[in-house]
Amino acid sequence: MSTATSAVPVSARPSPRLLACLSLSMLLPSLGASVANVALPTLAQAFDARFQDVQWVVLAYLLAITTLIVSVGRLGDLLGRRRLMLAGIGLFTVGSLACGAAPGLGGLIAARAVQGLGAAIMMALTLAFASDAVSKEKTGRVMGLLGTMSAVGTALGPTLGGLLIGGWGWPSIFLINLPLGVLAFALAWRYLPRDETRPAQARARFDVRGSALLACAVAAYALAMTAGGGFGQTSAALLAAAVLAGVAFVRGQARSASPLIRLALFRQPALGAGVATNGLVSTVMMTTLVVGPFYLAGALGLDAARTGLVMSCGPVVAALAGVPAGLAVDRYGAQRVMQAGLLAMTLGAALLPWVPASVGMAGYIAPLAIITSGYALFQAANSSVVMASAQPDQRGAVSGLLNLSRNLGFITGASLMGAVFAWAAGADDMRMASPAALAAGMRWTYALAVALLLTALAAAARGRQHARVPA
């Protein structure tokens, strides 16, 4: 197998059409994740199924992305990113069609897994194409744009999903991807650079064993956190399986002549610190999504509509801040912007649980806006640092690693921070907790969030002097 990469001319100003292609390829996977959540009650009624069964419509998609994103990124490095991106867009589009036409819940879950595989390819290779297309000094603005598109997909999903379900039924939330997928495929076919073969790397082989072990480790961990039924025997067994598979994976990578992930990459402090901080920061961001609704409804007394409105402020702020954050990276340097973003997140997380409930929605929205603005700064800067640290023939795998750390952070945040919130509030059923108990839960949960952000700041400082992006 020869190694093929995309022959992308490096430019300070990439083609607007190429940027449109990459933007759409980043929007669709995040939209596919967020749009399905609002449909779960409708799907439970349509298929006469329990919530525990219907939630696999969401889990199958997320598990496919999380378990396969590093492998498909590396496969793009080896086979050629253009051809794999086209395959990924095709899989996502065909999977969307299969979802909309699914006659039963089992078929819908299987189709969502196919859609998730396509989304994994698109997410992993979009960052790699972006890094190939621009000079390191101008990476920030492109990363900021892609961050904005991801946030737009997340923010748009619930609203668009509700409108589509109300007007045309649940299949429409999947079928809406068909024209978008066809457009993305046409743009990719026309404007993505052709793959070129590099004979010097012809001995590279795809690490099937390593890919399988990594997928097993990640899947076991994700299931332990999301579908283990609490921290009982099932979760313990899944976590043990994740550890065993993870150890076997690392040992295998150290001995492999053509590893899935070159462990030497982590000796670069900028890259290793970037992946680690990405996971920590993602854990904190998930905290706002997990505990926020309970606090807003129980402590502030907001109804469902106003709770949803407040919760939508985070993704909206992130979407608005993405492009300015990227421009700031190019102007002031990735490391400075990264530290500014982490400091802003720490400030917002420290303030949020201490604003008196009497202040109302504004007292919650203001710290949340600080957190999400800081997150936009961090994402643009950290993605620039990590992708600039990767060799061209490893950018697909490194992009996959970056996305994997983000997804694992989200999974950990949903489970760990939710458990801390419930413990600190002293209630098994959050709907029955008093406002004072919910406030106590917020303080403990965000105290842990601040500790995680301070750890991320320390890790970022450690990698600062070794970053390849000018600071």
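Under my numbering, the first residue of the sequence shown is numbered 94, with each subsequent residue one higher. Ideal placement from N, C-alpha and C gives every residue a C-beta, glycine not left out.
What distance in whole Å lies between the Cβ atoms of residue j and residue i, which are believed to be in contact at a cut-off of 8 Å?
i: A552; j: A369; result: 5 Å
i: S492; j: A248; result: Between A248 and S492 the Cβ distance is about 23 Å, and since that is not below 8 Å, they are no contact.
i: Q361; j: S189; result: The pair is not a contact, with the Cβ atoms about 38 Å apart (cut-off 8 Å).
i: F503; j: G534; result: Between G534 and F503 the Cβ distance is about 20 Å, and since that is not below 8 Å, they are no contact.
i: A308; j: L161; result: 6 Å
i: V416; j: G246; result: Incorrect: roughly 15 Å between the Cβ atoms, too far for contact.
i: A392; j: A333; result: In fact, because the Cβ distance is near 38 Å, the residues do not count as touching under 8 Å.
i: V163; j: L497; result: 5 Å
i: M510; j: T376; result: 7 Å
i: G345; j: A310; result: G345 to A310, Cβ: 11 Å. No contact.
i: V479; j: L495; result: 5 Å
i: A459; j: A418; result: That pair is no contact at about 19 Å.
i: L358; j: Q487; result: 7 Å
i: T381; j: L461; result: 6 Å
i: G506; j: V383; result: 7 Å
i: S349; j: M215; result: The pair is not a contact, with the Cβ atoms about 27 Å apart (cut-off 8 Å).
Looking only at its own chain, which residues have a Cβ that is under 8 Å from the Cβ of residue i, when we skip the five neighbours before and after it?
i: A212; result: L121, P122, G125, A126, Y154, A157, I158, G181 and F185
i: L436; result: G467 and L550
i: I463; result: A437, M438, L440, G441 and L444
i: F278; result: L179, I182, G183 and T186
i: I258; result: V131, A132, T135, S265 and I266
i: L546; result: L373, V374, V377, L435, M438, T439 and A442
i: A564; result: With a pLDDT of only 43 at A564, under the threshold of 50, the placement of this residue in the model should not be trusted, and no figure is reported.
i: V343; result: L356
Using the Cβ count rule (16 or more neighbours within 10 Å means buried), how would you classify residue i?
i: A293; result: Bear in mind that the predicted position of A293 carries a pLDDT of just 49, short of 50, making it too unreliable to give a figure here.
i: V562; result: Below a pLDDT of 50, predicted positions are generally treated as unreliable, and V562, at 46, falls in that range; no measurement from the model is reported.
i: A295; result: For A295, the predicted structure reports a pLDDT of 49, less than 50, and the residue's modelled location is therefore unreliable. A value from the coordinates is still provided. It counts as exposed.
i: G519; result: exposed
i: A542; result: buried
i: R234; result: buried
i: F144; result: exposed
i: W263; result: buried
i: S116; result: buried
i: S224; result: buried
i: A195; result: buried
i: P352; result: buried
i: R424; result: exposed
i: G274; result: buried
i: V336; result: exposed
i: R499; result: buried
i: R174; result: buried
i: L172; result: buried
i: P109; result: exposed
i: Q208; result: buried
i: A129; result: buried
i: G325; result: exposed
i: L111; result: buried
i: M525; result: exposed
Just to confirm the assignment, what range does the alpha helix (DSSP H) spanning residue i have?
i: A141; result: Note on identity: in this sequence residue 141 is Asp, with Ala being the wrong assignment. Where D141 is concerned, there is no enclosing alpha helix (DSSP H), given that its DSSP letter is neither H nor E.
i: V187; result: R174 to A194
i: R488; result: R488 to T505
i: M215; result: L198 to A226
i: S118; result: P109 to V128
i: V245; result: T232 to W261
i: Q472; result: M454 to S482
i: R283; result: N270 to Y284
i: W516; result: G511 to A518
Return the chain-ordered list of same chain residues with a C-beta closer than 7 Å to the C-beta of residue i, the five sequence neighbours on each side being excluded.
i: A411; result: A244, T465, Y468 and A469
i: L271; result: T186, S189 and L190
i: N475; result: G367, T370, N371 and M431
i: L210; result: A157, L161 and L184
i: G255; result: V131
i: G385; result: M404
i: L201; result: V150, C192 and A195
i: A113; result: L280
Who are the near neighbours of residue i in its chain, counting only those whose CB is closer than 6 Å to its CB and skipping five residues on each side?
i: A421; result: V430
i: G166; result: A217, G489, A490, S492 and G493
i: A566; result: As displayed, the chain neither begins before 94 nor continues past 564, which places residue 566 out of reach and without an answer.
i: G169; result: L177, L218 and G489
i: M318; result: I504 and S508
i: Y314; result: A335
i: L198; result: F140 and A142
i: L395; result: L389
i: M454; result: V403
Segments assigned alpha helix (DSSP H), at least 4 residues, entirely inside the segment 366-438: 397-425
Ignoring anything shorter than 4 residues, give me the alpha helix (DSSP H) runs that lie fully in the segment 296-361, in order along the chain. 301-319 and 326-348
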